[in-house]
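Notes for the one structure printed next.
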Amino acid sequence: MDFLSNFFTLFLGKLQSPTLGFLIGGMVVAAVNSRLQIPDAIYKFIVFMLLIKVGLSGGIAIRNANLVEMLLPAAFAVILGILIVFIGRYTLALLPNVKVVDAIATAGLFGAVSGSTLAAGITIVESEGMAYEPWAAALYPFMDIPALVTAIVLASIYVSKQKQRQAEEEQRSKQEYLGEQEYGSEQGGTAVISKPRGSANHRVRIWPIIQESLQGSALSALLLGLALGLLTRPESVYESFFNPGFRGLLSILMLVMGMEATARIGELRKVGQWYALYAFIAPLLHGFIAFGLGWIAHVATGFSLGGVVLLAVIAASSSDISGPPTLRAGIPSANPSAYIGSSTAVGTPVALALGIPLFLSLAQALGG
Amino acid sequence: MDFLSNFFTLFLGKLQSPTLGFLIGGMVVAAVNSRLQIPDAIYKFIVFMLLIKVGLSGGIAIRNANLVEMLLPAAFAVILGILIVFIGRYTLALLPNVKVVDAIATAGLFGAVSGSTLAAGITIVESEGMAYEPWAAALYPFMDIPALVTAIVLASIYVSKQKQRQAEEEQRSKQEYLGEQEYGSEQGGTAVISKPRGSANHRVRIWPIIQESLQGSALSALLLGLALGLLTRPESVYESFFNPGFRGLLSILMLVMGMEATARIGELRKVGQWYALYAFIAPLLHGFIAFGLGWIAHVATGFSLGGVVLLAVIAASSSDISGPPTLRAGIPSANPSAYIGSSTAVGTPVALALGIPLFLSLAQALGG
Amino acid sequence: MDFLSNFFTLFLGKLQSPTLGFLIGGMVVAAVNSRLQIPDAIYKFIVFMLLIKVGLSGGIAIRNANLVEMLLPAAFAVILGILIVFIGRYTLALLPNVKVVDAIATAGLFGAVSGSTLAAGITIVESEGMAYEPWAAALYPFMDIPALVTAIVLASIYVSKQKQRQAEEEQRSKQEYLGEQEYGSEQGGTAVISKPRGSANHRVRIWPIIQESLQGSALSALLLGLALGLLTRPESVYESFFNPGFRGLLSILMLVMGMEATARIGELRKVGQWYALYAFIAPLLHGFIAFGLGWIAHVATGFSLGGVVLLAVIAASSSDISGPPTLRAGIPSANPSAYIGSSTAVGTPVALALGIPLFLSLAQALGG
Chain B
-8 MDFLSNFFTL FLGKLQSPTL GFLIGGMVVA AVNSRLQIPD AIYKFIVFML
42 LIKVGLSGGI AIRNANLVEM LLPAAFAVIL GILIVFIGRY TLALLPNVKV
92 VDAIATAGLF GAVSGSTLAA GITIVESEGM AYEPWAAALY PFMDIPALVT
142 AIVLASIYVS KQKQRQAEEE QRSKQEYLGE QEYGSEQGGT AVISKPRGSA
192 NHRVRIWPII QESLQGSALS ALLLGLALGL LTRPESVYES FFNPGFRGLL
242 SILMLVMGME ATARIGELRK VGQWYALYAF IAPLLHGFIA FGLGWIAHVA
292 TGFSLGGVVL LAVIAASSSD ISGPPTLRAG IPSANPSAYI GSSTAVGTPV
342 ALALGIPLFL SLAQALGG
Chain S
-8 MDFLSNFFTL FLGKLQSPTL GFLIGGMVVA AVNSRLQIPD AIYKFIVFML
42 LIKVGLSGGI AIRNANLVEM LLPAAFAVIL GILIVFIGRY TLALLPNVKV
92 VDAIATAGLF GAVSGSTLAA GITIVESEGM AYEPWAAALY PFMDIPALVT
142 AIVLASIYVS KQKQRQAEEE QRSKQEYLGE QEYGSEQGGT AVISKPRGSA
192 NHRVRIWPII QESLQGSALS ALLLGLALGL LTRPESVYES FFNPGFRGLL
242 SILMLVMGME ATARIGELRK VGQWYALYAF IAPLLHGFIA FGLGWIAHVA
292 TGFSLGGVVL LAVIAASSSD ISGPPTLRAG IPSANPSAYI GSSTAVGTPV
342 ALALGIPLFL SLAQALGG
Chain E
-8 MDFLSNFFTL FLGKLQSPTL GFLIGGMVVA AVNSRLQIPD AIYKFIVFML
42 LIKVGLSGGI AIRNANLVEM LLPAAFAVIL GILIVFIGRY TLALLPNVKV
92 VDAIATAGLF GAVSGSTLAA GITIVESEGM AYEPWAAALY PFMDIPALVT
142 AIVLASIYVS KQKQRQAEEE QRSKQEYLGE QEYGSEQGGT AVISKPRGSA
192 NHRVRIWPII QESLQGSALS ALLLGLALGL LTRPESVYES FFNPGFRGLL
242 SILMLVMGME ATARIGELRK VGQWYALYAF IAPLLHGFIA FGLGWIAHVA
292 TGFSLGGVVL LAVIAASSSD ISGPPTLRAG IPSANPSAYI GSSTAVGTPV
342 ALALGIPLFL SLAQALGG
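So the protein sequences, as listed, match chains B, S and E.
Numbering follows the numbering used here, in which position 320 of the first sequence is assigned residue number 311; successive positions increment by one, without gaps.
Numbering follows the numbering used here, in which position 99 of the second sequence is assigned residue number 90; successive positions increment by one, without gaps.
Numbering follows the numbering used here, in which position 4 of the third sequence is assigned residue number -5; successive positions increment by one, without gaps.
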């Protein structure tokens, strides 16, 4: 009962957050046929600003972190970020009628990290008087960025394979057509030449697709920000420019995504229950896997119990901030209603109201 | 004498305000044939940002207000906002050579509210030790937004009627031409069919025009901001993003409007005196009507004397902030030199130097 | 030894500054064939914002300065700003393989002023207990803006002369071609008519080019800002909007300039040593000339010794802030790698580590 009332309070609070408010606002604007528009140049620049900020904050956090001490937990965070996307790829994406790119984008968002969920986790761990390493919060970019990169690369591979398959099918039907013609003609040379070309390319080559993804504007901006955060001292410009505007620019991005979502919300009618199911189970599953890996670090290197809980919270959280702009630009064919809806309406309340108390009790039971 | 010196001090101060400074700067830039330009995408986005901010601040103010207690004064504020535009429509707009859309836009600006005039009013009411309800300042969006919506809708109706009339005249001259031809021809069928079509459409249908106005980018952004301010909790993003940039973005809009104004300032040569007359009388007239309605609320529901004065000040003020971007986007054919010039150069100094002392003395005389 | 270690510490620090970091980031982004792009409308608006801010801050500084008292030093600052550009025009620009527009732009940047070098100078003068006029820092716009205007005008004149010469050569080769034909033809009229036209225009008329430069978007924005800073009271909008975003917008401009620089860095291979030589000598030479002029003011009007040192520091500094956007927009054909590289990598460290101590010791030796 307490959980349910907590859950609904959080759920209603989320609906009033500016992020979701602007998303719904955009949907309403589109639904009433308003002529309101955000110019394309502005939209692209807003995405750039958001991504470079996500990269910069990650880079600064990693640069300021004690890398030697946090080596094992950081490695686990990277593994978790990648693993979560693969879990989504081979569970949610295989459910009936679920579109693969939508599922990969959703898994990417659940692999990415929510700063506000992490902040809630830290507050509660502190209020329980549980010790944790000061660098534990700096684990987030190690999970966040690998998850988003993995999602974009997996989606690119999938889209390329689809195109390859389509091209092959067209080739085959063309060959068959040609073949039919050839029975009546003198020479079968064309079919002989074109057939091996089709089979030789049957396996899509992965590396060019990864390279292509990294050269895309989304990952370029993210990695540029990361590199600048790691290698230069952008704190002054980050604090005075990139950070203060972030939430505002995000709200405008949400408005644009809402305006687009109206046209695509219908796609989710048949599959809404699968997204709800995934968004309910995923935070807990990811959190428990992270808890297990954190426990290994606890036994092996003395990683604190509070740190184990925070690693689980980071894994359980789904990004409401870094994820949407990155996925929007990196996987443009995915339906934002699917991933933002799953994360904001179900995933985040579950992580906050159910996940954090569970991981905390578990740590206290095991560590006591 | 004291009034005149006050008036000219305020007038000179206004000329140095960034708002008017950038407007005049834009006029000079255009006059010397500079190639300076603000890209169109930027301009549209700036207008969007300004309008959504105006809506958000109105929505937040209304949400935080005690609606039951302020019901009657708020209703009077809405009535005043609409009434002021109609007064301008049937006085200023009927003067010789005055263009109707320019007059409606000017009346819209005088119906809208100036935050700085209101702030001056509050300061003076407080310094006189006169009591007023804490929610009195929150009356402003109830007048501001209805005035702007009314002005845009009235202008749309006027423009549609004009087009209708033009089309009819073209139709008629075509018919006459055809008619002349028909005298010489065998059949008069065309004229018989086309004539009733013209007379049936003689009355412009209002509702589609209102709907069309509300779907336009200006009112959409304004109402979206209002809805988000009312129904969600956008305070964080409002304080960190939409509010701080407001005056800066407004200054750039003023620059663009100045660059456009140069080409259109000549239009005002024959009618400048009418705008000056309107801008001198209107603040006092609107203020006294508002004082009268406020007094009814004072007698009926105990609305404070300070509140009555503030309602009069709100009605006397003309918007230097919310109005220009809204009218620029909502009534694009109106000449900004007309409405901004009337409001900034005459209306606001009159409201400040003449209106506030008058309403205050009246309240003290009546209430003492 | 101490100088060298100081120099390299500063040099490494500069490489980590956001300004240079984003420039190098842009170069890397372009080198790896990323599809990252900043929309053109955004880029143009960023340049506008930077230039109007530079103008505003200069205008505000001049308005707040005591013009009568600072008349002679201010006049010297204007002379220095113009002189430095001419020095570069007749030294660096004449070196083998150095492109003239690149050299003029570099000289413009060395004539313009670095706020951070000036701040370092003030700090050191204060820590030595040396007296200086409070308005000494306000001398910077008197050197900064004339230097940038001079550079843009000189570059325009050069480019126009080049075009003129090309046109004449084409004309001449055409005439020769026609002449050859004419030997075989009956009439030589065309050559007779066209020849005087060529020689009459041999001298490029300067004033139209200056007017054209001032009407360009770069100088228009700069001078508009200057006029608004001088004649209106834009402090509120400057502090809330134009100033806070400045470093952030500059970092994005640097990114764009870096993306363009990659393609043009090869141009500098043969001439890099000349730029390094110029960037090493110029700050000291400019500083000593300024010191000499400052000393004249010291003897003639009692200009303080600290003020003399600051005038020398202002002249020795090269702009990392106001210069790049102005020159980028005002001399679009100049290679940003040349002028930003010279200033940031060599000029500024030399001015800070070598110039300031030299001018200070000189003043103490002469004044003691």
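All C-beta atoms, glycine included, are put in the ideal place defined by N, C-alpha and C.
Around the C-beta of Ala254/S, fewer than 16 other C-beta atoms lie within 10 Å, and the residue is accordingly described as exposed. The alpha-carbon of Ile43/S is positioned some 12 Å away from that of Leu240/S.
Per DSSP, the unbroken alpha helix (DSSP H) holding Gln264/E starts and ends at 263 to 292. A residue is called buried once 16 or more other Cβ atoms fall within 10 Å of its Cβ, and Val290/B, having fewer, is exposed. Within the segment 295 to 309 of chain S, not one residue has a Cβ closer than 8 Å to any Cβ of chain B.
Around the CB of Trp286/E, 16 or more other CB atoms lie within 10 Å, so the residue is classed as buried. Proximity to Ile95/B across Ala110/B, Leu284/B, Ile148/B, Gly297/B peaks at Ile148/B, based on C-alpha coordinates. Proximity of Asn24/B to chain S, defined by a Cβ-Cβ separation below 8 Å, is satisfied.
Of the candidates Ser295/S, Gln202/S, Ala103/S, Ser295/S places its Cα closest to the Cα of Glu60/S.
In this structure Leu275/S touches Gly346/S by the C-beta definition: roughly 6 Å separates them, less than 8 Å. DSSP places Ser308/S outside both helix and strand once states are collapsed to three, so it counts as coil. In this structure, the CA atom of Lys261/E is about 43 Å from the CA atom of Glu117/E. Within the segment 215 to 238 of chain E, contact with chain B at the beta-carbon level (separation under 8 Å) is assigned to Pro235, Gly236, Arg238.
Put simply, the backbone Cα of Ala158/E is about 42 Å away from that of Lys35/B. Around the C-beta of Thr114/E, fewer than 16 other C-beta atoms lie within 10 Å, and the residue is accordingly described as exposed. Shortest Cα-Cα distance from Val247/B to any of Ala128/B, Met18/B, Leu351/B, Ser8/B involves Met18/B. For a cut-off of 8 Å, the C-beta gap from Ile53/E to Ala129/E is around 7 Å, short enough to register as a contact. Around the beta carbon of Pro137/S, 16 or more other beta carbons lie within 10 angstroms, which makes this residue buried.
Judged by pairs of C-beta atoms under 8 Å, the segment 90 to 109 of chain B touches the segment 307 to 320 of chain B, as three or more such pairs exist.
DSSP places Glu203/E inside the alpha helix (DSSP H), whose first and last residues are 197 to 206.
Secondary structure note for Lys44/S: its alpha helix (DSSP H) is the uninterrupted segment 31 to 54. Counting only Cβ-Cβ distances below 7 Å, Gln28/B has contacts in chain S at Ser208, in chain order. With 16 or more neighbouring CB atoms inside 10 Å of its own CB, Ala273/S falls in the buried class. Residues of the segment 27 to 46 of chain B with a C-beta atom less than 8 Å from some C-beta of chain E are Pro30, Asp31, Ala32, Ile33, Lys35, Phe36, Phe39, listed in chain order. Residue environment for Pro64/E: buried (at least 16 other C-beta atoms within 10 angstroms of its C-beta).
Per DSSP, the unbroken alpha helix (DSSP H) holding Met245/E starts and ends at 237 to 255. The beta carbons of Gly332/S and Phe101/S sit no closer together than 8 Å. Sequence-distant partners of Leu62/S (beyond 5 residues in either direction) whose C-beta falls short of 6 Å from its own C-beta are missing from its chain. The Cβ of Ala267/B sits no closer than 8 Å to any Cβ of chain E. About 30 Å separates the CB atoms of Phe282/B and Phe237/B; that is not less than 8 Å, and the two are not in contact. Taking the beta carbon of Ala21/B as reference, no residue of chain E falls within 9 Å; the closest one sits roughly 23 Å away. Boundaries of the alpha helix (DSSP H) around Tyr81/S: 62 to 81. Shown here for Ile15/B: same chain residues with a beta carbon closer than 7 Å to its own, the five before and five after excluded, namely Gly249 in chain order. Residue burial is scored here from C-beta neighbours: Glu124/S has at least 16 other C-beta atoms within 10 angstroms and is therefore classed as buried. Contact of Gly16/E with chain B is assigned, a C-beta pair being separated by under 8 Å.
In this structure, Val92/B lies away from Leu83/B, with their beta-carbon atoms at least 8 Å apart.
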